[in-house]
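Colleague:
Numbering (our numbering), first residue to last: 12 to 548.
1. Residues in the same chain with beta-carbon distance under 6 Å from residue 21, minus the five sequence neighbours each way, listed in chain order, please.
2. Can you check the region 324-373 for any alpha helix (DSSP H) of at least 4 residues that lies completely inside it and give the ranges in chain order?
3. Under the DSSP definition of a beta bridge, which residues are partnered with residue 22?
4. With 16 other CB atoms within 10 Å as the buried threshold, where does residue 95 fall?
5. Among 83, 393, 270 and 56, whose alpha-carbon lies nearest the alpha-carbon of residue 292?
6. Just how far apart, CA to CA, sit residue 31 and residue 41?
7. Give me, in chain order, the residues of the same chain whose beta-carbon lies closer than 8 Å to that of residue 112; leave out the 5 immediate sequence neighbours on both sides.
8. Is there a Cβ of chain D sitting closer than 8 Å to that of residue 263, yes or no?
9. Going by the CB atoms, is the gap between residue 367 and residue 415 shorter than 8 Å?
10. Looking only at its own chain, which residues have a Cβ that is under 8 Å from the Cβ of residue 335, when we skip the five neighbours before and after it?
11. Taking 8 Å as the threshold (C-beta atoms), are residue 441 and residue 390 in contact?
12. Would you say residue 76 and residue 119 are within 8 Å of each other, going by their C-beta atoms?
13. Do the region 369-386 and the region 406-422 make contact, defined as three or more Cβ pairs closer than 8 Å?
14. Could you check where the alpha helix (DSSP H) with residue 200 kicks off and where it finishes?
15. What do you reckon, are the CB atoms on residue 432 and residue 406 nearer than 8 Å?
16. If you draw a straight line from the C-alpha of residue 387 to the C-alpha of residue 353, how long is it?
17. What's the gap between the Cα of residue 150 and the Cα of residue 309?
18. Following the continuous alpha helix (DSSP H) through residue 429, name the residue where it begins and the one where it ends.
19. Closest by CA to residue 346, which one among 381, 126, 332 and 255?
20. What residues in its chain sit with their C-beta under 7 Å from that of residue 115, if we drop five residues either side in the sequence?
21. On the criterion of 16 or more Cβ atoms from any shown chain inside 10 Å, does residue 296 qualify as buried, or is it exposed?
22. Could you spell out the range, first to last residue, of the alpha helix (DSSP H) harbouring residue 290?
23. Taking three-plus beta-carbon pairs below 8 Å as touching, is the region 270-286 in contact with the region 211-225?
24. Using 10 angstroms around the beta-carbon of residue 211, count the other beta-carbons present and answer buried if the total reaches 16, otherwise exposed.
25. Quick one: give me the first and last residue of the alpha helix (DSSP H) that residue 234 is part of.
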């Protein structure tokens, strides 16, 4: 049978094929429609710009047509043949044989019998092709196998996974060999890191819908980001980061490492990702702020900003933490963040470019319950006022009003009352607070003395004597320690009380002097008023 070459096909500008138009058109509905409208030229020419799979795949299609619809379809070529068949509309059956679309679909339906390597190879071929049912089927099959506990293999390579029967058995390797490779839960990380960001998104959504372990998913996403960045271009890094962040946001917050989130954020600083993805990352970090460290928070300010550290970012973290999301913020977590914020405020306080409004926002960001003591906050404010000596009294008072004077220790209260950097009103408030403490402590001391000096406390019945015998010395010792501490506090606070009395005397003296001045002014005014009629007369 003579074969003519009346069809010239240019495949993606890479190579040209000379083919029999009649044979090719008998299988391709697209070419058949095209040449029905063309003239009866001796040779026709067709150019394909985006043929799926390129030159190699078109050669497979040509073989299929010349072999009267017969070709070996296997997992390594089924995806490319399927996309090419869709492209050429090869739904025509010849000589009773099924068309190529039907044949590839039948092979895809047997995907449950494919090996792990076959699935990976198919997905790799589909990376640059438009997604269709085949990608979803492959990913669904992968996730289904990962979800079976017995199939968690310690081997990271795919060589031991080539048998379909593997999925029904469990590899019995020694514990020693586990240390040399991936753990049983993460052996597949390296294999699936070849997938594109779009496929990773589909994969994670499938895993979440199957209630796969969120901790493992989170670890895989961090591994994926790190492994992809070695060879990725800037645009690819941008896409990888956004996909990883968006998928992490779908997981349970407790399953994600706070340290890893901060590592991701430092990478984000050098890339311009979408605002939506950035907000999601900040929200995730903020919800775990009680797990952060001071070093985590010391992130440089954005380009062009005058201040040293990104204070606005930390304020956004705090807002996300206090909102809590689905979790209720416990008092213990709030106090951990309070301690962290005291360290952070002390760290940023020496920055001469930090505005008082931003410093105040940091100081008042947390509720009063976040701190058992105001000593650290006082120390940070002291540093800030020393560096920013040019602040007005009004600005200083706004900052000082954030202090809870009742939570200052005796030493801190005395220091504040003598601190020239603080406004006089703040010093008086500190003294008043310490005076109230003194009264309460003195009352407590008197009650304790009455209690400890009473002989009745040691009178016990014979039945209770043996039971409480060991407790009595301890109780007495504790009361004695309390008395000693109270005596020391009394000495400190008595000195403060004297200073308060001196200040009160000064205030009274100033008030009396002011009254005298006002009185003399009033007298002078009345005398001048009486002299006016005389002048008129």
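Ideal Cβ positions, reconstructed from N, Cα and C, are used throughout, including at glycine.
Modeller: With the given structure in hand:
1. Excluding positions up to five away in sequence, the list reads 27 and 58.
2. 342-359
3. 26 and 59
4. buried
5. 270
6. 15 Å
7. 93, 96, 97, 101 and 102
8. Chain labels in this structure do not include chain D; a single protein chain is all it has.
9. Between residue 415 and residue 367, the CB-CB gap reaches or exceeds 8 Å.
10. 298
11. no
12. For residue 76 and residue 119, no; Cβs fall outside 8 Å.
13. yes
14. Under the DSSP assignment, residue 200 falls in the alpha helix (DSSP H) whose first and last residues are 200-203.
15. no
16. 6 Å
17. 41 Å
18. It is not in any alpha helix (DSSP H) - residue 429 carries neither H nor E in the DSSP assignment.
19. 381
20. 84, 89, 92, 93 and 96
21. The residue in question, residue 296, is buried, as its Cβ has 16 or more Cβ neighbours within 10 Å.
22. 286-298
23. Flag = no, the region 270-286 and the region 211-225 do not touch.
24. buried
25. 225-239
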